[in-house]
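Peer 1:
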Amino acid sequence: MSCATRLPKPNLRLNLRDVGHKHQTNFEKPGVGGGNLSPNLQPATPPTFPNSKEPLTATKVADKYLLLNRLDGSILRRCIHIESQQEYVCKVVPNERYRDVLRGHFRLDSHPHINSIEEVLVGKSSTYIVFQRCYGDLHSYVRNKRNLPEREALPLFRQVASAVAACHSAGIVLRDLKLRKFVFKDPQK
């Protein structure tokens, strides 16, 4: 008699945040780039660390979040909720574009395999879209595993296909579909 063990399904989410026009907001000078949400909010002085190549820059957003440096290879920025100290990611978009960016997310917000929006903060010239933090992407996972057995690949592929099908059903075309766009919400991945 043979016994098959079932592996727990990892939860994957489609990262729609990287899709779109790349925009870098300048937080260097007060009143430039839209980092300020009120006249009293001034950019923080970036601390420097002797072991890092570039200084960590931080900006307060609406007295709720601390906006940090960009994530590697992404337009997203790390951010920390000041009160709870919980880490999130934030996409900064110009106010002229935020409705277009949010339209797709709101069509898919209830899908279990698509990362949902935590909060939207509209500032003077920029909008800050806050998302749940993700842990690693499918591309890195597959590369690290080198040999992905079918029993492990199948549930991942089903989640990818489900997310893409939901996008297509909602009239959303994913123009830059690749494994890096699929991120894990499980810290162990």
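At the far end of the sequence shown sits residue 189, using the UniProt record's numbering, and the numbering has no gaps.
We treat Cβ as the ideally placed atom computed from N, Cα and C, and that holds for glycine.
What you are looking at is a predicted structure, and each value in this text was computed from that prediction instead of being measured.
1) For Ile172, which residues of its own chain have a beta-carbon under 6 Å away from its beta-carbon, when the five flanking residues on both sides are left out?
2) Check each candidate in Tyr135, Lys64, Lys124, Asn95 and name the one with the smallest Cα separation from Pro187.
3) On the DSSP letters alone, give me the boundaries of the beta strand (DSSP E) that Leu154 sits inside.
4) Quick check on Asn147: buried or exposed, where buried means 16 or more other Cβ atoms within 10 Å of its Cβ?
5) Going by the beta-carbon positions, is the gap between Arg133 and Glu83 smaller than 7 Å?
6) If you draw a straight line from the C-alpha of Leu154 to the C-alpha of His113, how long is it?
7) Starting from Lys91, follow the alpha helix (DSSP H) in both directions and report where the run begins and ends.
8) Taking 7 Å as the threshold (C-beta atoms), are Leu179 and residue 220 in contact?
9) Going by other Cβ atoms of all chains shown within 10 Å of its Cβ, with 16 needed for buried, is Ser169 buried or exposed?
10) Just to check my reading of the structure: Thr59 and Asn69 have Cβ atoms closer than 8 Å, yes? What is that Cβ distance to the nearest angstrom?
11) Taking the alpha helix (DSSP H) that His81 belongs to, which residues open and close that run?
12) Once the 5 residues before and after Thr127 are set aside, which same chain residues still bring their CB inside 6 Å of it?
13) Could you tell me the distance, in whole angstroms, from the CA atom of Lys189 to the CA atom of Gly123?
Peer 2: Here's the rundown:
1) Translated into the one-based positions of the sequence shown, residue 172 becomes position 172. So the list reads Gly104, once near-sequence residues are dropped.
2) By 1-based counting over the sequence shown, the position of residue 187 is 187. Minimum Cα distance to Pro187 is reached at Tyr135.
3) Locating residue 154 in the sequence shown gives position 154, counting from the first residue. Where Leu154 is concerned, there is no enclosing beta strand (DSSP E), although the alpha helix (DSSP H) it sits in stretches over 150–169.
4) For the purposes of this step, residue 147 is taken as the residue at position 147 of the sequence shown. Exposed.
5) What you label residue 133 is simply residue 133 of the sequence shown in a count that begins at 1. What you label residue 83 is simply residue 83 of the sequence shown in a count that begins at 1. It is not a contact, given that the beta carbons lie outside the stated cut-off.
6) Within the sequence shown, residue 154 is the residue found at index 154, counting from 1. Within the sequence shown, residue 113 is the residue found at index 113, counting from 1. Put simply, the backbone Cα of Leu154 is about 15 Å away from that of His113.
7) For the purposes of this step, residue 91 is taken as the residue at position 91 of the sequence shown. No alpha helix (DSSP H) contains Lys91, which is instead part of the beta strand (DSSP E) from 87–94.
8) An answer regarding residue 220 cannot be provided, because it is not within the stretch 1 to 189 covered by the chain.
9) Position 169 of the sequence shown, counting from 1, holds the residue named residue 169. Looking at its Cβ environment, which holds fewer than 16 other Cβ atoms inside 10 Å, Ser169 is exposed.
10) Indexing the sequence shown from 1 puts residue 59 at position 59. Indexing the sequence shown from 1 puts residue 69 at position 69. About 10 Å separates the two Cβ atoms, so there is no contact after all.
11) The residue given as residue 81 occupies position 81 in the sequence shown. From DSSP, His81 is part of no alpha helix (DSSP H) but of the beta strand (DSSP E) over 77–81.
12) If you number the sequence shown from 1, residue 127 lands on position 127. Taken in chain order, the residues that qualify are Val93, Asn95, Tyr98.
13) Start at 1 with the first residue of the sequence shown, and residue 189 comes out as number 189. Start at 1 with the first residue of the sequence shown, and residue 123 comes out as number 123. Take the alpha-carbon of Lys189 and the one of Gly123: they are about 34 Å apart.
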